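Enquirer: Chain order of the listed sequences is D and A.
First residue of the first sequence: 1, per this note's numbering; consecutive thereafter.
First residue of the second sequence: 1001, per this note's numbering; consecutive thereafter.
Got a structure for you, questions after.
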Amino acid sequence: MKLFDLKGGVHPEGKKDLSAERHIRALPLPKKLYVPLQQHIGAPATPIVNVGNKVLKGQLIATAQGAVSSSIHAPTSGTITALGDHVAPHPSGLPVPTITLESDGEDRWFMTRIVDDPLALAPEEVAACVAAAGIVGLGGATFPSALKLNLSRSSGVQTLIMNGGECEPYLTCDDRIMRERAVEIVEGIRLIAHAVAAKEILVGIEDNKPEAIAAMQEAAQGTTVKVVAMPSMYPMGSEKQIIQVLTGNEVPAGGRPADIGVLVHNVATAFAVQQAVRYGKPLISRIVTISGGAILQPCNLEVLIGTPLQELIDFNGGYTQPAARLVLGGPMMGQQFTNTNVPVVKGTSGVLALLASEIGHAEASPCIRCSTCVRACPVGLLPLEMAAHIRTADLTGAVALGLKDCIACGSCSYVCPAHIPLVHFFNYAKGDLAAQERSKLKQEATKKLAEARNERLARIERERAEAAAKRKAAREAKERAAKEAAAKAAEEAV
Amino acid sequence: MNPIAHSPHAHAPVSIGKVMGTVLLALTPATLFGFWLYGWPAVNLWAVALIAAILGEAFVVRMQGRKVRPVLMDGSGILTAWLLVLSLPPYAPWWIAVLGSLFAVIIGKQVFGGLGQNVFNPAMAARVMLLISFPLEMTTWVAPATPGFMESLRITFFSQPIDGMASASLLGHVKTEFTRGIGLDQALTGYYAPLDMLWGSRTGSLGETAAVLLLIGGLFLIARRIITWHAPFAMLLGVAVPALLFNAIDGNHYAGPMVHLLSGGLMLGAFFIVTDPVTSPNTALGQFIFGLSCGLLTWIVRTWGGYPEGVAFAVLLMNAATPIIDQYVKPRIYGRDRKGAALTANK
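Structure follows, in structure tokens:
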């Protein structure tokens, strides 16, 4: 199949050999699970259980709220011991609303409803199953999958792209799941295609995963699913970039893939969809890669949502030496964390314990305008110019240069010889812009309220004056009438 | 505790110091050749220029209240002085090198705000300043010779006359002969030996005569991805095309492309000056336009200007045009057309 060129991109050291040959193993049942109510883009789920309730594995414990949200299920059977705050899987380490579940060790399923021929279901039913299972995009974006299916069906998607790029260094969870569960993934892919009535199905896998490509090709035989090997380059697995490479089309600025008739899902999401539709199993576990130079034995684990990260790190022997930095996700876009009590959530693809030599941190020096960042940017931006504008607080100038088109992939920061934290600048500016827009909306709302209040006060004043005038007129009329009556009476008396 | 770090949590094994070091490495063959060709005076000049640049920069940075060490360690001051000294007559007196180096790192760079902030290429700005202020010292060339060490000290530091060794560079010779009404065919006789020019055994600046060594250094930088081919190739093209055209029209008055390509500071300029990232545009197309214009201007100055050589003037003029090029030449953004409007949805 003809592939299209991608501009920019970088070739970070893969480091996938650390964990790529390790079979997926299940982590032993943890004693306590911390399940945050928000593990997806959108509104947090609302708990429907109380402290002391006994729940079974897979039982719904929090329901989706509003248009963009996702349900949450009990990862194992046990007792709810707390509904409260627990440290979030976020660099801030702030507490977030979390359901704490104490395992009873029995791991008993709530119920399993098996559908023998899931492809015979109506497209709406497939989407409903996906929604009920609380499935979100497992590639990292964690957008509620059912919503994506419904939006795509209504806007007429032609091409379904399954993302098996896994371009982040270290991560091998998608590689492993494609090697070991290809048949299930292909069925999941066909279910997704069925749900959105896609005509063309492409599975893009980077060519540094030949075993995964072979396994997927074998599983896809006799179906319309087409497995495509893509060149290994970062950020090949980014949604916009994989669309460009496989179709040659670009998602319009500010638009969605559906605008050009494309839907992109991650391969691990397809596995979750298959499990949900065929077996009625909600999304309560995922594959996580544990790797990095400070990890004794890197591995790929199937982990229940809510498991504290410390248990993942300890499982295979812990550290070889103290890690210089702990990262959730891949090294290019992942987030640092410091508290290992943080739970695994639906979007956790990797847990990395990195050495200082792997991070390659150095103090930033002045920009020499070498334009390495310009050549590395897969979007076609001028990172050095954008950073110069943001440095002088000229956000308007940065937006004019395309700040909002930045996908925060980190390619520019990665190659910068001056070690300037370019993406940090851009994310800071995006955050500042969002705050500015919020405060502008707030100001407008305040202004509107103040105007309404002034108007109301003026109206009351006016009404009061009118009423007073009316009363005065009535009194005067009365007095006049009395006077006239008196005059008349006097006249009559004369 | 360290503050929370932002992604990416990995970095390519690069640094400013490594970039500058690689460029210095690429300059080394041509420089060593210059030392071999002109002997100890060239070494003296080189050493004096580098020491002046280091001390001058350290002094100014200290006056600004900034840390001296990281500024010196980035190697940019050394590179500037090195490039400048390669463009000087090898037997120039010591104070030419000192003045030039100080002008380059202080006026040319630090006054603008230090590394990355200067509008003009510091080495070229210094060379033009010297050329305009001290035309005699800057145009006293010698034929390759190897005076002894003690004699070299007298040449560099005590202005011993070098009349006996004086010679003229090819471009200077051609210009002089033109003013005497002598055409190219005669002027070049005995002066233009393409092979000598290729290997550099001829009169000229300290480091610019070995066209092949400079070319190898440049190709090395392209291979190491320190520079791209756009600006150098375009500059050579910008000189060669008009030279070819005009030479074909009037061969007795306009020198051919080989004479131009192998003369003066063109090779040094193409691979080490117009590729200066700070003072050149930041897109491939912009760099191509920049290089092409530098080449054209060089050829125009050489052909019709008052000076025999024009690389430094051309580079400074185009440095001033760099912000304009950057304003108009921008990459197309994903999902947008060239004008920046969002692409239309189509299914």
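Quick reminder that beta carbons are idealized off the backbone N, C-alpha and C, glycines included.
Note that the structure is predicted; figures quoted are calculated from it, not measured.
When burial is assigned at 16 or more other CB atoms within 10 Å of the CB, is N50/D buried or exposed?
Expert: Position 50 of the first sequence holds residue 50/D. Exposed, because fewer than 16 other Cβ atoms sit within 10 Å of the Cβ of N50/D.
Enquirer: Roughly how many whole angstroms lie between the Cα atoms of I48/D and S1007/A?
Expert: Indexing the first sequence from 1 puts residue 48/D at position 48. Indexing the second sequence from 1 puts residue 1007/A at position 7. If you take the alpha carbons of I48/D and S1007/A, they lie about 36 Å apart.
Enquirer: Could you pull out every residue in the same chain whose Cβ sits closer than 6 Å to the Cβ of M1001/A, ignoring the five residues on either side in sequence?
Expert: As a position in the second sequence, residue 1001/A is number 1, starting the count at 1. Because M1001/A sits at a pLDDT of 47, beneath the cut-off of 50, its placement in the model cannot be relied upon, and the following sentence gives the value as read from the coordinates. Nothing listed; no residue qualifies.
Enquirer: Have a look at G1204/A and P1090/A and give me their C-alpha separation to the nearest angstrom.
Expert: Residue 1204/A sits at position 204 when you count from the first residue of the second sequence. Residue 1090/A sits at position 90 when you count from the first residue of the second sequence. Straight-line Cα distance between these residues: approximately 8 Å.
Enquirer: Give the straight-line distance between the Cα atoms of S349/D and Q335/D, rounded to the nearest whole angstrom.
Expert: Counting from 1 along the first sequence, the entry for residue 349/D is found at position 349. Counting from 1 along the first sequence, the entry for residue 335/D is found at position 335. Distance between the alpha carbons of S349/D and Q335/D is about 11 Å.
Enquirer: Taking V303/D as the reference, give the member of V35/D, E363/D, A219/D, A362/D with the closest Cα.
Expert: Counted from its first residue, the first sequence places residue 303/D at position 303. Closest in C-alpha terms to V303/D, from the list V35/D, E363/D, A219/D, A362/D, comes V35/D.
Enquirer: Can you give me the Cβ contacts of F1313/A inside the same chain, cut-off strictly under 6 Å, excluding the 5 residues immediately before and after it?
Expert: Here residue 1313/A refers to the residue found at position 313 of the second sequence. Once the five neighbours on either side are set aside, the close Cβ partners of F1313/A are V1301.
Enquirer: Please tell me whether V264/D has its Cβ less than 8 Å away from any Cβ of chain A.
Expert: Numbered from its first residue, the first sequence carries residue 264/D at position 264. By this cut-off, V264/D is not an interface position.
Enquirer: With three or more C-beta pairs closer than 8 Å as the rule, is the region 231-245 of chain D touching the region 75-89 of chain D?
Expert: no
Enquirer: Do A486/D and the ligand GDP come close, with the Cβ less than 7 Å from some heavy atom?
Expert: With respect to the ligand GDP, the structure shown offers nothing to examine, as it has no ligands at all.
Enquirer: Kindly indicate if chain A contains any beta-carbon less than 8 Å away from that of N427/D.
Expert: Working through the first sequence from its first residue, we reach residue 427/D at position 427. Answer yes: the Cβ-Cβ gap between N427/D and chain A drops below 8 Å somewhere.
Enquirer: Looking at the structure shown, is Y34/D part of a helix, part of a strand, or coil, going by DSSP?
Expert: Taking the first residue of the first sequence as position 1, residue 34/D is located at position 34. Here Y34/D sits in strand by DSSP.
Enquirer: Find the residues of chain A that neighbour Y414/D, judging by a C-beta separation of less than 8 Å, and give them in chain order.
Expert: On the first sequence, residue 414/D is found 414 positions in, with the first residue counted as 1. Chain A residues near Y414/D: P1008, A1010, H1011, A1012.
Enquirer: So the alpha helix (DSSP H) K472/D belongs to, where does it begin and stop?
Expert: Start at 1 with the first residue of the first sequence, and residue 472/D comes out as number 472. Residues 422-493.
Enquirer: Quick one: grab the DSSP three-state call for P144/D.
Expert: Locating residue 144/D in the first sequence gives position 144, counting from the first residue. In this structure, P144/D counts as strand in the three-state DSSP scheme.
Enquirer: Which partner residues does P47/D have in the DSSP bridge list?
Expert: Working through the first sequence from its first residue, we reach residue 47/D at position 47. Residue pairing by DSSP places P47/D opposite A62/D in a beta bridge.
Enquirer: Candidates L384/D, E444/D, P298/D, E476/D: which alpha carbon is nearest L18/D's?
Expert: Numbered from 1 along the first sequence, position 18 holds the residue referred to as residue 18/D. Of the listed residues, the one whose Cα sits closest to L18/D is P298/D.
Enquirer: Spatial neighbours of G1269/A within its chain, please: C-beta separation below 6 Å, excluding the five flanking residues on both sides.
Expert: The count along the second sequence starts at 1 and reaches residue 1269/A at position 269. V1311, listed in sequence order.
Enquirer: Give the C-beta separation of N300/D and R176/D to the nearest angstrom, bearing in mind that I take them to be a contact with Cβ-Cβ under 8 Å.
Expert: Locating residue 300/D in the first sequence gives position 300, where the first residue counts as 1. Locating residue 176/D in the first sequence gives position 176, where the first residue counts as 1. About 5 Å separates the two Cβ atoms, so the contact holds.
Enquirer: Could you name the residues of chain E that G255/D contacts, counting a contact when the two beta carbons are closer than 9 Å?
Expert: Absent here is chain E; the protein component of the structure consists of chains D and A.
Enquirer: Please identify the residue among Q65/D, E461/D, S411/D whose C-alpha is closest to the C-alpha of P12/D.
Expert: Counting from one through the first sequence, the residue named residue 12/D turns up at place 12. Considering only alpha carbons, the answer is S411/D.
Enquirer: In the structure shown, what three-state DSSP assignment does L1115/A receive?
Expert: As a working mapping, residue 1115/A is identified with position 115 in the second sequence. Looking at L1115/A - three-state DSSP - the assignment turns out to be coil, as it is neither helix nor strand.
Enquirer: Would you kindly work out how many angstroms separate the C-alpha atoms of G1217/A and G1305/A, rounded to a whole number?
Expert: Within the second sequence, residue 1217/A is the residue found at index 217, counting from 1. Within the second sequence, residue 1305/A is the residue found at index 305, counting from 1. Their backbone Cα atoms lie some 30 Å apart in a straight line.
Enquirer: In chain order, what residues of the same chain have a beta carbon less than 6 Å from the beta carbon of A1026/A, not counting five sequence neighbours either side?
Expert: Looking up residue 1026/A in the second sequence gives position 26. These residues qualify, in order along the chain: G1217, F1220, L1221.
Enquirer: Just reading off the beta strand (DSSP E) that D85/D is part of, what are its end residues?
Expert: Residue mapping note: residue 85/D aligns to position 85 of the first sequence, counting from 1. Run containing D85/D: 78-87, per the beta strand (DSSP E) assignment.
Enquirer: Residues in the same chain with beta-carbon distance under 7 Å from Q544/D, minus the five sequence neighbours each way, listed in chain order, please.
Expert: Outside the shown range of chain D (1 to 494) lies residue 544/D, about which nothing can therefore be said.
Enquirer: Which first and last residues belong to the beta strand (DSSP E) in which I1004/A is found?
Expert: One-based indexing of the second sequence puts residue 1004/A at position 4. Per DSSP, I1004/A belongs to no beta strand (DSSP E) and is neither H nor E.
Enquirer: Could you say which of V399/D, V374/D, V344/D, G84/D lies nearest to H40/D if we only look at CA atoms?
Expert: One-based indexing of the first sequence puts residue 40/D at position 40. It is V344/D whose Cα lies nearest to the Cα of H40/D.
Enquirer: With distances taken from CA atoms, which of V203/D, A452/D, A270/D, T392/D is nearest P282/D?
Expert: Start at 1 with the first residue of the first sequence, and residue 282/D comes out as number 282. Of the candidates V203/D, A452/D, A270/D, T392/D, the one whose C-alpha sits nearest the C-alpha of P282/D is A270/D.
Enquirer: DSSP beta-bridge partners for Q336/D?
Expert: The residue you call residue 336/D lines up with position 336 of the first sequence. Paired residues: V327/D.
Enquirer: For P343/D, write down the residues that DSSP places opposite it in a beta bridge.
Expert: Residue numbering aside, residue 343/D sits at position 343 when the first sequence is read from its first letter. For P343/D, which the question treats as bridged, DSSP gives the partners P308/D.
Enquirer: To which residues of the same chain is G1286/A closer than 7 Å at the C-beta, ignoring the five residues directly before and after it?
Expert: The residue labelled residue 1286/A in the question sits at position 286 within the second sequence. Same-chain partners within the cutoff: I1325, D1326, V1329.
Enquirer: Measure the CB-CB distance between L1308/A and V1274/A and report whether it falls below 8 Å.
Expert: Locating residue 1308/A in the second sequence gives position 308, counting from the first residue. Locating residue 1274/A in the second sequence gives position 274, counting from the first residue. In the sequence on display, residue 1308/A carries Pro and not Leu. No, these two residues do not count as a Cβ contact at 8 Å.
Enquirer: Is S1293/A close to chain D? Criterion is C-beta to C-beta, closer than 8 Å.
Expert: In the second sequence, the residue the question calls residue 1293/A occupies position 293. Not an interface residue.
Enquirer: Keeping to the same chain, check which residues put their C-beta closer than 7 Å to that of A1058/A; ignore five residues upstream and five downstream.
Expert: Here residue 1058/A is taken as the residue at index 58 of the second sequence, counted from 1. Within the same chain, A1058/A has close Cβ partners V1068, L1072.
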